[in-house]
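Only one structure is covered here, and it is reproduced in the block below.
Residue numbers (the numbering used here): 7 to 122.
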């Protein structure tokens, strides 16, 4: 939106990476990796293995995680671009008031969503 990613995005990037990793390697919700989980709920590692899969599988998991993140990043950018005027209006209001009340934000979100 503003042609740069700020350092403030670190927390968001951590969260989205953990969610994508869970989708692929914990919940088995990825077509390429398949309906398999690499999560050990016991908290123990048998025979001191650190991961229950090969380097090749690790590479595939990382690729799928990256694809999910990239796809959703592009989706978010498209939504923001499509609603740039509303976003600018909201940013301007936030700069003026410093706070946006929940009811005003909800009204804004409803107006954006209803135009989809």
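Just so it is clear, CB atoms sit at the ideal spot from N, CA and C, and this is done for glycine as well.
Keep in mind that this is a model prediction, so the values were computed, not measured.
Where residue i sits in the DSSP three-state scheme
i: residue 40; result: strand
i: residue 14; result: helix
i: residue 103; result: helix
i: residue 35; result: coil
i: residue 48; result: coil
Residue i vs residue j beta-carbon contact at 8 Å
i: residue 30; j: residue 42; result: no
i: residue 118; j: residue 89; result: yes
Pick from the options that is closest to residue i, judged by C-alpha positions
i: residue 25; options: 110, 109, 74, 93; result: 74
i: residue 71; options: 84, 33, 83; result: 33
i: residue 23; options: 112, 101, 77; result: 77
Alpha helix (DSSP H) segment containing residue i, residue limits
i: residue 120; result: 108–120
i: residue 68; result: 61–88
Nearest-angstrom Cβ-Cβ length linking residue i and residue j, presumed shorter than 8 Å
i: residue 87; j: residue 114; result: About 17 Å separates the two Cβ atoms, so there is no contact after all.
i: residue 59; j: residue 44; result: 6 Å
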